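Here the protein sequences line up with chains Y and S, keeping their order.
For the first sequence, full-length UniProt numbering begins at 1 and goes up steadily by one.
For the second sequence, full-length UniProt numbering begins at 1 and goes up steadily by one.
Each residue gets a CB set at the ideal place from its N, CA and C atoms; glycine is no exception.
Since the structure is predicted, the reported quantities are computational estimates derived from the model, not experimental observations.
Worksheet: one structure, shown below.
Protein chains: 2
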Amino acid sequence: MNQVRIGIVGMGNMGWGHAKYLTEGKVKGAVLTAVSDLFESKRRQAKETFGEGLATFESAEELFASGLVDAVLVATPHYDHPECAILAFRHGLHVLVEKPAGVYTKQVRLMNEAAAASGKVFSIMYNQRTNPIYMKLRDLIASGELGEIRRTNWIITNWYRSQSYYNSGGWRATWAGEGGGVLINQDPHQLDLWQWTIGMMPTRVRAFCHFGKYRDIEVEDDVTAYVEYANGATGVFVTTTGEAPGTNRFEVTGDRGKIVIEDGKLTFWRLRVSEPEFNATYTGGFGQPECWKCDIPIHGTSPEHMGITQNFVDAILNGAPLIAPGEEGIKGLTLSNAMHLSTWTDNWVDLPIDEELYYELLQERIRASTFKKPEASGDKVLSVGGTFNS
Amino acid sequence: MNQVRIGIVGMGNMGWGHAKYLTEGKVKGAVLTAVSDLFESKRRQAKETFGEGLATFESAEELFASGLVDAVLVATPHYDHPECAILAFRHGLHVLVEKPAGVYTKQVRLMNEAAAASGKVFSIMYNQRTNPIYMKLRDLIASGELGEIRRTNWIITNWYRSQSYYNSGGWRATWAGEGGGVLINQDPHQLDLWQWTIGMMPTRVRAFCHFGKYRDIEVEDDVTAYVEYANGATGVFVTTTGEAPGTNRFEVTGDRGKIVIEDGKLTFWRLRVSEPEFNATYTGGFGQPECWKCDIPIHGTSPEHMGITQNFVDAILNGAPLIAPGEEGIKGLTLSNAMHLSTWTDNWVDLPIDEELYYELLQERIRASTFKKPEASGDKVLSVGGTFNS
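Okay, here's the thing in structure tokens:
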């Protein structure tokens, strides 16, 4: 194979964007051959925009069975990601799934099992893993420059969403439609990067979600979470869609200093000797290790979604190592699920979470939902250009 | 009266500093006439340094009964603050108490009652209330510029303390000697400013203290606390003595924007219209309120401890309003006690806290203490010049 024929399932905001760069030839070795969408209007619009040669299908299964694709990009609503991916694996297709991996880890675990059984390439659209600034942070930690991790602190509150955003689709911000709010919709990248950059998942979580605090919605729009890691480190994650202008500041401390990513800059306060070494030998009472403030150069720009799609195609064609293996999607989702679960049970949640309990409590919320949007205005495709951190 | 005769109780690090600027004549209308200290060496040293005319006493009570002072500055170990202040009020003296107000709120409440009954001037050494940057923050909030408060977030981790610091006094960082760690020793100013600048105390606290995590001590040296306020706002307070170089960043968001104090600068991201107003009228889906990044000028320098002492003297002589009324010391201490209590009970703590329960659990820890410092080196007076944020 020297060209991967790609199909896109779901031509909403994200699917449309993927179709665009694929038809523009921006991913080497890939060609968009087919899309599927439940709406006839979307299928017609896709042909008009991307060419009459593009095959369109109403259902994902028709697309999978068409013989026109080697790989699929799953850009359906969140709940359908795992089911759709599992079906694609059964058809022998490679799968690149949009984030989040799914809504609850129980279904995502099934997806991961199907992927493993298929032997096909499986990736997830964690395009922020191609962002040079987070790659640099991961590098500094993995190479030991920061030493043993002691604390993480991410304030990611620049996800402002007005009520008119939530009203733009009846499924938005409902338990049945999306299965969560800011955690499942806006934060999947940060939840992934939070663990990917430091190379550690927490062992337990105590979180405080507020549901419909700032908007007329039933899911969480304001969250503070505290976590503990196996090595004794602690962490905080603060997020909301209700604040403007918000903050995006990620601080990680280690026993060799501190790194802060904010305003597109990475700053490393580097200790000349590690803190434990200083502490073991210092006898002067007050006093602290010598520290150098270092501005760390960040080279290149993020290839964003195209970068992940290119890597997915390269993995299929040449066995390139995946930047974002699909199986890792469960990590960020576990953090998100754990935050819900901790709030619902008003207690600690140990990881791995009790998947059955989470599923049950989520179903309770779906059944109990009587939510009617104040003035839901149907299915609008919003322009997302430049408005979000995905 | 046109001059206030001041006595200092306790000539440790802080008492010595107060004696110095008082004898240098830096507080108008005040004269240092007497000091007390349990150690003969300190009393002799005080006379040698500040003049043979300075009266010295072994006990606070002798000083109070001497007729040589109108007002006292209480700079004893934390536990003794309330008892010492109560005794001074009984002798008809004005009292300026060092921070923290005490170790547990039960005793501090008694001190406040004694102060009220005495009719004397009662202040607390919250000298950071004279810091122009925090005064400006309080002003911007009180005047409504920031709007309704939504979130507070203080990362105050630049309190690095090595093991040699803790070893410099056998009483340090023990339940019996100090009644706590970073919260009671390093953070009293920040705990006060956290509530004073925004004009709100939380209604409940969920905190995660770690005891002896980085140092061979029995009290907390690492804390993350989550709080909720009556108006729905939330807050986070993160502190430790174990990290270098640490961070001091205080972020407060309101429905008219965001303020961050860091690196000696106050920045106000000001929304042109309030967020609720924008949200109520915006119909465009994605989009957010227009925001102006404003560098706020900070005028003047902090008069620090002298400023509070001057204000205390002015209140005695001319009825000047107090910057830091002594009765308000219970607020920061309540936050500190609540964080301990939440950790000990592994649960929420509603404010006001259960003072009896806190007292009992503290006594349990004092009784259970078997703590021996690895190489306690007795009573050393450490030079504190420029090494801390007090």
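query, result
"Beta-carbon neighbours of S/Arg-272, restricted to chain Y and to distances below 8 Å", "Here the premise fails: no neighbours, minimum Cβ distance about 10 Å."
"Per-residue contacts from S/Ala-244 into chain Y (C-beta, under 7 Å)", "Leu-271, Glu-275, Gln-288, Pro-289 and Cys-291"
"Coil, strand or helix - S/Tyr-226 by DSSP", "strand"
"Per DSSP, cross-strand counterpart(s) of S/Ser-123", "S/Leu-96 and S/Pro-325"
"Y/Phe-50, DSSP secondary structure in three states", "helix"
"The region 131 to 155 of chain Y: positions lying closer than 9 Å to chain S by Cβ", "Arg-150, Arg-151, Asn-153 and Ile-155"
"Local Cβ density within 10 Å of S/Asp-346, reported as buried at 16 or more and exposed below that", "exposed"
"Residue environment, S/Arg-161, which counts as buried when at least 16 other CB atoms sit within 10 Å", "buried"
"Listed by chain order, chain S residues near Y/Thr-283 by CB distance under 8 Å", "Ser-164"
"C-beta atoms of Y/Thr-234 and Y/Thr-157 nearer than 8 Å", "no"
"Nearest residue (CA-CA) to S/His-299, options S/Ala-46, S/Ile-133 and S/Met-125", "S/Ile-133"
"Candidates S/Thr-174, S/Cys-294, S/Trp-194 and S/Asn-337: closest to residue 428 of chain S by CA position", "As displayed, chain S neither begins before 1 nor continues past 390, which places residue 428 of chain S out of reach and without an answer."
"Closest residue to S/Leu-333 among S/Lys-28, S/Gly-29 and S/Tyr-126 (Cα-Cα distance)", "S/Tyr-126"
"Chain S residues whose Cβ lies nearer than 9 Å to that of Y/Lys-258", "Thr-157, Glu-243, Ala-244, Pro-245, Gly-246 and Thr-247"
"Check whether Y/Val-227 and Y/Arg-204 have beta carbons under 8 Å apart", "yes"
"Proximity below 8 Å, CB of Y/Val-4 to CB of Y/Leu-357", "no"
"Opposing strand residues paired with S/Arg-5 [DSSP bridges]", "S/Val-31"
"Y/Gly-257: first and last residue of the uninterrupted alpha helix (DSSP H) it sits in", "Not the alpha helix (DSSP H): Y/Gly-257 falls in the beta strand (DSSP E), residues 257 to 262."
"Cβ-based neighbour list, S/Asn-2, same chain, cut-off 6 Å, excluding 5 preceding and 5 following", "none"
"Contact with chain Y by S/Tyr-226, beta-carbon distance below 8 Å", "yes"
"Limits of the unbroken beta strand (DSSP E) element including Y/Glu-290", "From DSSP, Y/Glu-290 is part of no beta strand (DSSP E); its letter is neither H nor E."
"Three-state secondary structure assigned by DSSP to S/Asn-153", "strand"
"Residue closest to S/Gly-232, alpha-carbon to alpha-carbon, out of Y/Asp-263, Y/Gly-242 and Y/Tyr-229", "Y/Gly-242"
"Cβ-based burial, Y/Asn-389 [other Cβ within 10 Å; buried from 16]", "For Y/Asn-389, the pLDDT reaches just 42, beneath the cut-off of 50, and the residue's location in the model is therefore unreliable, leaving the point undetermined."
"CB contact flag (Y/Met-306, Y/Val-9, <8 Å)", "no"
"Closer than 7 Å at the beta carbon, the chain S residues around Y/Thr-253", "Glu-243"
"Three-pair Cβ contact test at 8 Å for the region 8 to 24 of chain Y versus the region 41 to 59 of chain Y", "yes"
"Those residues which DSSP pairs with S/Val-349 across a bridge", "S/Val-205"
"Contact belief for Y/Thr-240 with Y/Val-219 at Cβ below 8 Å, rounded distance in angstroms", "With a Cβ gap of about 12 Å, Y/Thr-240 and Y/Val-219 do not count as contacting."
"C-alpha gap between S/Arg-272 and S/Leu-137, whole angstroms", "19 Å"
"Inter-residue spacing [alpha-carbon to alpha-carbon] between Y/Tyr-165 and Y/Ala-88", "32 Å"
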